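For reference, the structure is listed below as structure tokens.
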Amino acid sequence: MSMNKKIWMLGVVVLILLIFSPFWGTIRLNWQTIFANDSNSFIFWHLRVPRVLLGFVAGSILALSGLICQNLFKNNLATPDILGISSGAAAGAVISIKFKMHFSFFGMGSIYIFSYLGALLAVLFVFFIARMIKNSSLYTLLMSGVAISLFFSSIIVFFQYIFDFSDTFSLVRWLMGGISVAGYKEVIILSVLLLLFLLAIFLFRREFLLISAGDDFAQSKGLNISNFRILSFLGLAIVVGAVVSTCGPIGFVALIVPHLSRLLGSSQYSKTVLFSIFLGGGLLVLADLVARILIAPVDIPVGIVTSLLGAPFFLFLLFAQLKKTN
Amino acid sequence: MPLNWLVFFKLGKQLKIRDIVIKAANLSYFIGKKPILQDIDFSIQKNDFVLIFGQNGAGKSSLLKVLAGIVSAQKGFVSIAGRNIHDYSRKELATMLAYLPQSDEFVLPIMVKDVLLSGRYPYGALFQKFSHRDHALFQEAVEYFSLADLVYRNILTLSGGERQKVILATAFIQDVPIILFDEPMNFLDPGSIFQMIKMLQGLQRLGKTIVLVSHLIEYFFPYATKLLALKNGKKYYFGEKKFCPELFKAIYQVDYKRVFTENREIIFVNE
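If you're matching them up, the sequences are chains A and B in order.
-3 is the number of the first residue of the first sequence in our numbering; add one for each residue after it.
4 is the number of the first residue of the second sequence in our numbering; add one for each residue after it.
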């Protein structure tokens, strides 16, 4: 099957998924009810549709951020969640919720802003550690990512423990990752970010390719890698911060999807990007559908579903990589 | 113009002194406090084929990285075509020299075509599409290095020899006067090694200057025009190629012998 045909097929499958998944859930909806003016049509248009759309957009952004992160670190296992960027964003959001800060800045709520700041802080940490340990190899960066991620996780637990328990349940629920509380505002914000992100990925395609070929190689072909890295990480912090502040830390999408996309796209950059968009979005919408109907009427947080799927896959990847290096 | 300058100028014309393309002066390079290179100086002229050799850890790869501007020496300076290497921007430098690192740096799947076209990166403005010249040079390289079967493959699936060929081809596409190549023959079979040597020789005939780091002095000795021997981070010998058993003995602690066949000078280990 030709590459373009594969992309078209995947696109059609994802489109069908997008059209039909709003009908499934605790309450099964059908064609007639969604145009009637009753509670069912409200559920469809104001709960399910934005939820599905948000799932698609957030999944795409996560997958693309994973892809870019892997290129920057030249490692299949380097993703925003593993480097601690996601947990930094989550810690920022938790602090904002716990201190009950309610303000907005250019239309962005406090949770958004604190998530960005958390993600930026995590990126700065990764950078600072990489600078301190000169000649930093991939492993030092990955290990520092693990440390940063643990650090932010303990900050989250700390604030949960010392403050009153009044909103602990909603917080825990949020930390499990979910896209159930979405409205159209979030969908629009994230869609704009996704488009900007895609534009950057397209405009800097030569740079992202070069940097994935190795530092020395990229430098000798004329790329200023340190400047480009700083720029890319700032961009990554913005998109990851936005997704995490909206949906909570949803794990493993950023890890699995780029890997599959590389396989499907036969290592062609533009094709890999397209596969990441469709697979990332489709996977999160599907996971959310499973979360809604698996033990209905209980609505499982989608983060649990992706982690259940993702953890074994991560191990599989790890073993495959070990096998290759031995 | 003072007299001595005039004399120098005339002498230069008479002797046909070729342009100096790489000049290293009092280079010292440290990693932490450990000295890697100490007080190294030499000048490489246009169209030279320089073979850098020395024991493991003698500082060969570090020297090449300093010459390529990947790392900078703490003392001394490097000038490329008469201009200090630090006065070049990254892109400008990439139009002067190609540095080809050891090929095992590739860890992510990338299509060979994209790897090759990355050689045109220094010539494009930000966000620019590839020009006709970019594609023309790409086509030329594919023919010159016979890469037609590899173009649409993933670089990770190539054999070592194929990969090195692709890497050398990026330097061709980069269209630079100077090529710095680090250990190009590691783990290659003899057939691939000679293919690489022929290609390097071809590039030299096109007027390029080649600086090569390799242990395989037996293979490269016939083709080199200059030798640079490093020992414990210091320059042990730099100059025109000559067969000097004492030099090789001092570096590798083995005896080398030489024979002439078909107008070629061949050296080998005689232990």
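The C-beta atom is built at its ideal place from N, Cα and C for all residues, glycine as well.
Here the structure is a predicted model, which means the values were calculated and not measured.
Pairwise C-alpha distance: A:A115 and A:Y180 | 24 Å
Beta-carbon neighbours of A:Y265, restricted to chain B and to distances below 9 Å | I113, M114, D117
Out of curiosity, what's the CA-to-CA distance linking A:I93 and A:L13?
-> 34 Å
Distance, B:A76 Cα to B:Q17 Cα | In this prediction, B:Q17 has a pLDDT of 47, which is less than 50 and means its spatial position is unreliable; nothing more can be read from the coordinates.
Which residues in the same chain as B:M4 place their Cβ atom closer than 7 Å to its Cβ, once the five residues preceding and following it in sequence are excluded?
-> Here the model assigns B:M4 a pLDDT of 46, short of 50, so the residue's position is not dependable and the matter cannot be decided.
With distances taken between CB atoms, is the gap from B:L40 to B:V69 smaller than 9 Å?
-> yes
Assuming A:F274 contacts A:G7 (C-beta within less than 8 Å), just tell me the rounded distance between them.
-> 6 Å
The region 208 to 229 of chain A: which residues have C-beta closer than 7 Å to a C-beta of chain B, in chain order?
-> S208, A209, G210, D212, F213, Q215, S216, K217, G218, L219, N220
Would you grab the beta carbon distance between A:K279 and A:V249 for me? Rounded to a whole angstrom, and I think it's under 8 Å.
-> Per the sequence shown, the amino acid found at residue 279 of chain A is Leu instead of Lys. Here A:L279 really is in contact with A:V249; their C-beta atoms are around 6 Å apart, less than 8 Å.
So, are the CB atoms of B:L171 and B:L250 less than 9 Å apart?
-> The answer is no: Cβ separation not under 9 Å.
Under 8 Å by Cβ, that's how I've got B:D42 and B:S31 pegged, so tell me the actual separation to the nearest angstrom.
-> 6 Å
Comparing alpha-carbon positions, which option in B:V169, B:L111, B:F184, B:L219 lies nearest B:P193?
-> B:L219
Quick one: does the C-beta of B:G236 sit closer than 8 Å to a heavy atom of the ligand SAH?
-> No copy of the ligand SAH occurs in the structure displayed, which carries no ligand at all.
State the DSSP-derived secondary structure class of B:L18, mapped to helix, strand or coil.
-> Note on B:L18: pLDDT 47, under 50, position unreliable in the model; the coordinate value appears next. In this structure, B:L18 counts as helix in the three-state DSSP scheme.
Beta-carbon neighbours of B:A101, restricted to chain A and to distances below 7 Å = S216
Within 10 angstroms of its Cβ, does A:R47 collect 16 or more other Cβ (buried), or is it exposed?
-> buried
Please check the pair B:V118 and B:I158, which I expect to be a contact at CB under 8 Å, by giving their CB distance rounded to whole angstroms.
-> 6 Å
Under 7 Å between beta-carbons, which chain A residues line up against B:D93? List them in chain order, please.
-> Looking at the sequence provided, one finds Arg at residue 93 of chain B rather than Asp. Ordered by position in chain A, the residues that pass the 7 Å Cβ test against B:R93 are Q215, G218, L219, N220.
Taking Cβ positions only, does B:I73 come closer than 9 Å to chain A?
-> yes
Chain-ordered chain A contacts of B:E108 [CB-CB under 9 Å] | K70, A209, G210, D211, D212, F213
Are the Cβ atoms of B:G164 and B:Q198 separated by less than 9 Å?
-> yes
Identify each residue in the region 182 to 209 of chain A for which the Cβ-Cβ distance to at least one residue of chain B is less than 7 Å, and report them in chain order.
-> L199, R202, L205, L206, S208, A209
Use the C-beta contact count for B:Q177: other C-beta atoms within 10 angstroms, 16 or more gives buried, fewer gives exposed.
-> buried
7 Å Cβ shell around B:N87 - same chain, five flanking residues per side excluded | Closer than 7 Å at the Cβ level, and outside the excluded window around B:N87, lie F80.
Less than 9 Å separating the beta-carbons of A:S272 and A:V253?
-> yes
Got a sec? Which residues, its chain only, sit under 6 Å from A:D211 by beta carbon, not counting five neighbours each side?
-> Within the same chain, and ignoring the five residues on either side of A:D211 in sequence, the residues whose Cβ sits closer than 6 Å to its Cβ are I221.
Can you tell me which of the three DSSP states B:N59 falls into?
-> coil
Contact set between B:G122 and chain A, taken where Cβ atoms lie within less than 7 Å | K217
9 Å Cβ cutoff, B:A97 in contact with chain A | yes
Look up B:A101 in the DSSP assignment and give the residues it is bridged to.
-> B:I182
Buried versus exposed call for B:P187 [16 or more other C-beta atoms within 10 Å across all chains shown] | buried
Sequence-distant residues of the same chain with beta carbon closer than 7 Å to A:R201, five excluded per side | Y265
Which whole runs of the alpha helix (DSSP H) in the region 202 to 249 of chain B are 4 residues long or more, in chain order?
-> 220 to 223
What's the call for B:R123, buried or exposed, on a 16-neighbour Cβ count within 10 Å?
-> Sixteen is the threshold: when 16 or more other Cβ atoms of the shown chains lie within 10 Å of the Cβ of B:R123, as they do, the residue is buried.
Going by the CB atoms, is the gap between A:L232 and A:I3 shorter than 9 Å?
-> no
Can at least three beta-carbon pairs, one atom from the region 67 to 80 of chain A and one from the region 139 to 146 of chain A, be found at a separation below 8 Å?
-> yes
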